[in-house]
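In the UniProt record's numbering, the protein residues as written are 1 to 296. The beta carbon of each residue, even a glycine, is placed where N, CA and C say it ideally should be. Worksheet: one structure, shown below.
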């Protein structure tokens, strides 16, 4: 199936309402901090889920589909990437290259082979993802740039993004010295969980999406549920996003229903997809078979 790009941009519906609701949900849950260890761990786990959604908001911003104002999109995208310690300019250029070359040798999304269940479990923790993203952010401070950051302007923007992250880190460490337990359970631990959530939602986007004639088969869409769609800014409709990158996430669900017979890879649940992958890895144990991931 030939990719059709949505040239005219359509912005997010009620963008500020959604953002305010999500931010206040995070604050409300953070205020539920107590001296109960299990309760705090559960809250941190949920806060990590909300933090992970911030990357999807940054994704809306880099495509200029969140607000009409390009400057505000950049600043909002920069902030919500920075709290995840991710350089917005690197993320933006990396992602736009991915759109341009998806499924080809020039695709910026690294391929990984899951050779065992243990390998999958280690990867889904998000630690390799976090290390890669944070390392690239720090490398920019040393003026070491990925190949897709070409030109003086892009390098300058990337440097400013890394410096902004450093400023945020100074603030976060200062607050941690003053309120160590609160910051641990309300930011640092959720941050750690957020990388796991990013991989949980990100892996199905391209893993095992092989070419199928007469269908769009470069990526996968997952219907999921209302809560996930809300906090992920409808980023779950990934195939539709690749077909119409100029369309905001809020408009992708209608396309999901419209394209149901033309998009080959579709799922109802993230959890069920991961369960099937785990079963597959167990079944192919010691057989030397691998799985390719294009979303790492």
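{"Check": "Residue 263, buried or exposed, once every other Cβ within 10 Å from all chains shown has been counted against 16", "Outcome": "buried"}
{"Check": "Beta-carbon separation (whole angstroms), residue 330 vs residue 82, contact threshold 8 Å", "Outcome": "No answer is possible for residue 330: it lies beyond the span of the chain, which begins at 1 and ends at 296."}
{"Check": "Where residue 266 falls: helix, strand or coil (DSSP)", "Outcome": "strand"}
{"Check": "Closest by C-alpha distance to residue 188, when choosing among 48, 118, 217, 153", "Outcome": "48"}
{"Check": "In DSSP terms, what residue 216 is bridged to", "Outcome": "263"}
{"Check": "C-alpha distance - residue 54 paired with residue 268, whole-angstrom precision", "Outcome": "23 Å"}
{"Check": "Three-pair Cβ contact test at 8 Å for the segment 19-38 versus the segment 85-100", "Outcome": "no"}
{"Check": "For residue 71, three-class secondary structure by DSSP", "Outcome": "helix"}
{"Check": "Reduced DSSP secondary structure (H/G/I, E/B, other) of residue 144", "Outcome": "coil"}
{"Check": "Every unbroken alpha helix (DSSP H) inside the segment 177-257 [4 residues or more]", "Outcome": "180-183, 189-202, 226-231, 238-243"}
{"Check": "Among 14, 180, 51, 36, the one whose alpha carbon lies nearest that of residue 23", "Outcome": "51"}
{"Check": "Neighbourhood of residue 248 by C-beta, 6 Å cutoff - its chain only, sequence neighbours within 5 removed", "Outcome": "10, 11, 12, 65"}
{"Check": "Delimiting residues of the alpha helix (DSSP H) encompassing residue 94", "Outcome": "88-101"}
{"Check": "Helix, strand or coil at residue 60 according to DSSP, with G and I counted as helix", "Outcome": "helix"}
{"Check": "Same chain, Cβ closer than 8 Å to residue 223, five either side skipped, listed in chain order", "Outcome": "236, 256, 266, 267, 268, 269"}
{"Check": "Contacts around residue 105, its chain only, beta-carbon distance under 8 Å, and the 5 residues preceding and following it disregarded", "Outcome": "none"}
{"Check": "Alpha-carbon spacing of residue 68 relative to residue 154, whole angstroms", "Outcome": "22 Å"}
{"Check": "Extent of the continuous alpha helix (DSSP H) to which residue 17 belongs", "Outcome": "15-30"}
{"Check": "Best match in 159, 16, 130, 213 for proximity to residue 195 [C-alpha to C-alpha]", "Outcome": "130"}
{"Check": "Touching by the beta-carbon criterion (3+ pairs, under 8 Å), the segment 200-220 and the segment 89-106", "Outcome": "yes"}
{"Check": "Cβ separation of residue 40 and residue 147, assumed to be a contact under 8 Å, to the nearest whole Å", "Outcome": "About 42 Å; that fails the 8 Å criterion."}
{"Check": "Contact with chain C by residue 240, beta-carbon distance below 7 Å", "Outcome": "Of the protein chains in this structure there is only one, and it is not chain C."}
{"Check": "Whole-angstrom C-beta distance between residue 200 and residue 124, which should lie under 8 Å", "Outcome": "7 Å"}
{"Check": "Closest by C-alpha distance to residue 169, when choosing among 198, 137, 37", "Outcome": "137"}
{"Check": "Burial state of residue 113, where buried means 16 or more other Cβ atoms lie within 10 Å", "Outcome": "exposed"}
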